[in-house]
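Here's the structure, in structure tokens; my notes come after.
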């Protein structure tokens, strides 16, 4: 049976004779393409990752209960402040938030005017809320606001948090 050099990493070559003519290490007793893993019962060299595995450079799943605002307030943003982040955050805010919260976060967006009770970011109740709390509300919602965790990626939610914090200060 022929196996190309870039053979499928999920397949397992059990025949020790395959690739002997190309063997770079003749002392190991098997051919170049032999890659059998006796500990893998599925006949594959590469296994599927364990459930809930986080890829390098990725984010851990956000699993704080929707009613745990005190715990959420302790969470810190993994995103650094910067002009480029705020530019992207403004675009995301305009896409997901402006229709309810308005251009300046006053709760006067086109939906907010009709829906009534949309939070203004500079109100006393919200003005000093920490970034973890804002992220949690974007993720799970609060009051009349529905959660956006299924619609906005974790990284983009943190960017929106950065922009909301600039609106809180106005």
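Residue numbers (our numbering): 31 to 200. Where is the CB? At the ideal position from N, CA and C, for every residue including glycine.
Close beta carbons around residue i, own chain, < 7 angstroms, minus the five adjacent residues each side
i, result
"residue 188", "107, 108, 109 and 165"
Residue i classed as buried or exposed, judged by whether at least 16 other C-beta atoms fall within 10 angstroms
i, result
"residue 123", "buried"
"residue 190", "buried"
"residue 186", "buried"
Backbone CA spacing between residue i and residue j [nearest angstrom]
i, j, result
"residue 184", "residue 86", "15 angstroms"
"residue 179", "residue 91", "11 angstroms"
"residue 198", "residue 97", "23 angstroms"
"residue 105", "residue 133", "27 angstroms"
"residue 118", "residue 80", "33 angstroms"
"residue 112", "residue 120", "12 angstroms"
Sequence-distant residues of its chain with Cβ nearer than 8 angstroms to residue i (five each side left out)
i, result
"residue 157", "151 and 198"
"residue 89", "108, 184 and 185"
"residue 140", "129"
Bounding residues of the alpha helix (DSSP H) (the contiguous stretch that carries residue i)
i, result
"residue 164", "161-170"
"residue 112", "Taken as a continuous stretch (DSSP letters only), residue 112 belongs to no alpha helix (DSSP H), as it is neither H nor E."
"residue 130", "128-131"
"residue 184", "184-198"
Residue i at chain C interface by Cβ criterion, 7 angstroms
i, result
"residue 56", "Protein chain content of the structure displayed is limited to a single chain, and chain C is not contained in it."
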